[in-house]
Structure formats: structure tokens, C-alpha cells
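Q: Protein chains in written order, with the working numbering: chain A, 21 to 213; chain B, 21 to 213.
Okay, handing you the structure first.
Protein chains: 2
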Amino acid sequence: MDTSRLLTELQSKANFPDADFPAFLDLFEPLTLKKKQHLYRSGEVIRHVCFVVRGCLRHYYANEEGIERIIFFAEENWWVGDIVSFLERKPTNLNLQAVEDCDLLVIDRNNFDHALKNFPGFLEYYQKGTQKTYTKLQEQVGQSLSDTAETRYLRLLKERPALLQRIPQHYIATYLGITPESLSRLRKKLACE
Amino acid sequence: MDTSRLLTELQSKANFPDADFPAFLDLFEPLTLKKKQHLYRSGEVIRHVCFVVRGCLRHYYANEEGIERIIFFAEENWWVGDIVSFLERKPTNLNLQAVEDCDLLVIDRNNFDHALKNFPGFLEYYQKGTQKTYTKLQEQVGQSLSDTAETRYLRLLKERPALLQRIPQHYIATYLGITPESLSRLRKKLACE
DNA sequence: AAAAAGCATTGACCTAGGTCAAGAAATTAC
DNA sequence: GTAATTTCTTGACCTAGGTCAATGCTTTTT
């Protein structure tokens, strides 16, 4: 597993000294997931937060009628986990499933606290990341309310073109809030234009 | 202005000693807004975060075509402000407007930092609040994608019945992501059932 | 008290996207 | 390499919600 990705990621957004990395990495456990495997499901209390070294996962709600709503796709260099469940020890409402075979680095609550306390570079990285995610979510709320499926699809195509190459189309549809059929028709329409 | 509301709010969610309150309150400035007045608009850098003592405001995006998307209504005991713009000194994309005459307590960046450092009860309150807001946003993303306008309206009616009494209906429509006409028809339909 | 502005309602009509069903392609498993 | 799943596409039809325009009902303003 290529753990150096984690260092590269930390250094791209915060000031994290090379020398700290071995001790920092020790706080994590490597974990691999097979395609379609779940890391957790709604109702569980999340004990770990993960860094994605390789692969891709989907983070989604599933309601009573079996309708799934993907809220985001985690690819390489992303963190994933329900931070609230993790910090407050409450059952999560989310589900996390590997869309491809994945390599993850997972850290539990104690080690996470320890990392925030003892690695100032990580604290900086964490705080910046939290803020960014928060803004993204806020924008997503605004957009999902008033943009058409076409607008949302074109935005995704522009912002994450590589994602569309690796994710089955019906998951993309669920993420956009439309049916697979509608996405298929939408793509056909766009191809003709 | 009834500043004791702030103390009550802090104590309802964190451990905040009465004795600390006078010094804490000193970090804020009172501010009143007339109905329809804006506290800020898209493009400005937010210098303050506000606690709502009395009144109600709407926090919204406005896109190029003049379409507005309300992401939330702040009522008494809520905090409002674009935390990312505030912390990172970046221009905000949001607009904040009073829906009624409002009494606010505003705190600037320096005082906010000071408060987090020197009042542990406030830090506790802040961290809990941030997490909660984050979860709420995540849920909102899932819901706005797949729920019908009717479902969203009924949920709002259940969760914030008092809000519907004080806010003009066309704002509620914008919050739900539908037109005022559609909301009017939806309400008519529900009244008949 | 009258005029003006802002809101809510209603009707006629339109469109994006949903639903259900059937095949075609593409993967995966044996 | 064939069978079994999954995934994607297409067609026929339906519905929630949008658009535009007209008409009252409330608040404000003067």
C-alpha cells in the first residue's frame, strides 16, 4: 500500500514536516476492501475515519423504501467517515461501500485525538479541510434545490471528469438525484447537441 | 435588547458559568436591523458573526439570473454568518437579509478568537454547534435530492411550525426549492385532504 | 383615506423527469 | 467459453412542478 500518498496530501495543504510522518503513520491501520464490500452501515457507531489510498467509495443514505441517495464519492486522497458519529459516539445514518477494490488507512478515535494534539501540522490540515467541506455542503444544498439535472451533470463532468470514467452510471444518477433512465437519456441528448 | 438570551442559549448546550457572562458579553456589539435590510451581500468579506436575540433573517444564494435559493432561516437563539468567509477572509457567496426587524449581537474576528481561547464553555458550545450544523447540512443534501416538495413542506411544518407563521410564503417556497404558485397549490391540496 | 406596493391564489398550458417494461451490452463467475 | 449477473438503453406513458398572465387581498406609505 502506497502510504506516501498521505504525506503528500498533508503537505499539499498544511505545513507537515517529513520527520513527523513515521510516528504519525503508526497511528493508522491499513485496511483493504473488496468491491461492493461495506465498511459500515446505517445504525453502527463509527469508530474509524479513513484516508483513501487507492480506490473509490460511495457514501449514501438509504431510506425506508430502499431509495438510495449518494451524498459523495471518495476517491484517492479523500477522507471519509461520519465525523459526527465518530466524535459523539452516536449511530450513523450513512452507509459506506467500496465501488472498487480499495486501500484505506484507518485511524480510531483515541489515535485521532492524539494526532490532533501532537501533530500541529495535522491540526492545521484538519481545520482547513473541515471548513472547506462545510462550504461545499452549503453550496450543494443551494444547487440541488434549484439546478436542473443537466446543470448538475455538466458541473460534475467539469469538476470531476475522471470520476465519471470509473463509476457505474447508475450511481452517478443517484448522486445527481435522478433515475438511471433519465441520465441515459440526458447523455444521449447532450451527445447529439 | 434582551442579552440574557445568549446566556440561556450557551447554558442549554454547554457548561458556561454565570460569572463569565459579563466579560463575555463585552466582546459583542448590539446591532438592530430593520425589516428587509441586508447585513451583507455576496462579494463582501464577513467580519462578524451574529447571534439573533430577536427577529428572523434569511441566508441565501442569488445566482446570475436573479434566482434566489434560501439555505436557511435564522430565528431567535441562532447564530448566523458565513463562517468560512469569516475565518479565511474570503468574499462570501451568501446574502443575509432581515425578514423582520431584528436585534443582533455581533462579534468580530479578534473577539471571537479571544472568546474561544478564554471561555472554555464557549469553545465547547462552538464545537458542538459546528458538528450539529454539519450533520444537518449533510441530511439536507440527501433530502433535497430525492424528496418531493410535499415531503419537504410537511417536514418543515413539523420541525419548525412557528417559522411558517412568521415568514412570507414566497420565501418558504424558495427554501423548499419550488415556486410560490406551486406552494400555494400544494397547501390547497393538503387542506382538502 | 387613497394610492401603491407586496403577496397569495387561480387558470391554462408546458416540460423535465419518473415509472414500468423489454431488450441489448457488458462484466463476472464457474 | 458459457451462464449468470449487472448495467445501460429505449419506448410508451404519466405526473409534479414550472411559466405566464390575470385577479384579488393585505400591508405600507403618503
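Glycine included, each C-beta is placed from N, C-alpha and C at the ideal position.
As the structure is a prediction and not an experimental result, all values here were calculated from the model.
Between residue 191 of chain A and chain B, is any beta-carbon pair separated by less than 8 Å?
A: In the first sequence, the residue the question calls residue 191 of chain A occupies position 171. With 8 Å as the cut-off, residue 191 of chain A does not count as an interface residue toward chain B.
Q: For residue 47 of chain B and residue 60 of chain B, what's the separation of their Cα atoms in angstroms?
A: Position 27 of the second sequence holds residue 47 of chain B. Position 40 of the second sequence holds residue 60 of chain B. Looking at the two C-alpha atoms, the distance is approximately 21 Å.
Q: Taking the beta carbon of residue 35 of chain A as the centre, do at least 16 other beta carbons fall within 10 Å, making it buried, or is it exposed?
A: Here residue 35 of chain A corresponds to residue number 15 of the first sequence, with the count starting at 1. Residue 35 of chain A should be labelled exposed.
Q: Can you round the beta-carbon distance between residue 187 of chain B and residue 93 of chain B to whole angstroms, since I take them to be within the 8 Å contact cut?
A: Position 167 of the second sequence, counted from the start, is the residue given in the question as residue 187 of chain B. Position 73 of the second sequence, counted from the start, is the residue given in the question as residue 93 of chain B. Their Cβ separation, rounded to whole angstroms, is 6 Å, which keeps residue 187 of chain B and residue 93 of chain B in contact under 8 Å.
Q: Count the other CB atoms within 10 Å of the CB of residue 212 of chain B; is the residue buried (16 or more) or exposed (fewer)?
A: Position 192 of the second sequence holds residue 212 of chain B. Per the 10 Å Cβ criterion, exposed.
Q: Please confirm whether residue 32 of chain A has its beta-carbon closer than 8 Å to some beta-carbon of chain B.
A: Your numbering for residue 32 of chain A matches position 12 in the first sequence. No, because no Cβ of chain B sits closer than 8 Å to the Cβ of residue 32 of chain A.
Q: Which residues in chain B sit within 7 Å of residue 214 of chain A, going by Cβ to Cβ distance?
A: What is shown of chain A runs 21 to 213, which leaves residue 214 of chain A out entirely.
Q: Please list the partners that residue 101 of chain B has in chain A, where partner means a Cβ-to-Cβ separation under 8 Å.
A: Locating residue 101 of chain B in the second sequence gives position 81, counting from the first residue. Within chain A, no residue comes near residue 101 of chain B; the closest Cβ sits about 12 Å away, beyond 8 Å.
Q: Counting only the same chain and skipping the five closest in sequence on each side, list residues whose C-beta sits under 7 Å from that of residue 64 of chain B.
A: Position 44 of the second sequence, counted from the start, is the residue given in the question as residue 64 of chain B. Excluding sequence neighbours, residue 64 of chain B sits near 111 and 112.
Q: According to DSSP, residue 214 of chain A sits in a beta bridge with which residue or residues?
A: Any question about residue 214 of chain A goes unanswered here, given that chain A covers just 21 to 213.
Q: Using 8 Å as the Cβ pair cut-off and three pairs as the minimum, do the region 97 to 108 of chain A and the region 144 to 155 of chain B touch?
A: The region 97 to 108 of chain A vs the region 144 to 155 of chain B: in contact.
Q: Return no unless some Cβ of chain A is closer than 8 Å to the Cβ of residue 185 of chain B.
A: Stepping through the second sequence from its first residue, residue 185 of chain B is reached at position 165. No, its Cβ sits nowhere closer than 8 Å to a Cβ of chain A.
Q: Less than 8 Å between CB atoms is the rule here; does residue 77 of chain B satisfy it with respect to chain A?
A: Residue numbering aside, residue 77 of chain B sits at position 57 when the second sequence is read from its first letter. Not one chain A Cβ lies under 8 Å of residue 77 of chain B.
Q: Would you say residue 165 of chain A and residue 164 of chain B are within 8 Å of each other, going by their C-beta atoms?
A: Locating residue 165 of chain A in the first sequence gives position 145, where the first residue counts as 1. Locating residue 164 of chain B in the second sequence gives position 144, where the first residue counts as 1. Result yes, Cβ atoms of residue 165 of chain A and residue 164 of chain B sit closer than 8 Å.
Q: By the 10 Å Cβ neighbour count, where 16 or more other Cβ atoms means buried, how is residue 22 of chain B classified, buried or exposed?
A: For the purposes of this step, residue 22 of chain B is identified with residue 2 of the second sequence, where counting begins at 1. Exposed, because fewer than 16 other Cβ atoms sit within 10 Å of the Cβ of residue 22 of chain B.
Q: Using a C-beta cutoff of 8 Å, does residue 63 of chain B count as contacting chain A?
A: In the second sequence, the residue the question calls residue 63 of chain B occupies position 43. With 8 Å as the cut-off, residue 63 of chain B does not count as an interface residue toward chain A.
Q: Contact between the region 95 to 104 of chain A and the region 167 to 181 of chain B: three or more CB pairs below 8 Å?
A: Contact between the region 95 to 104 of chain A and the region 167 to 181 of chain B is absent, because fewer than three Cβ pairs lie under 8 Å.
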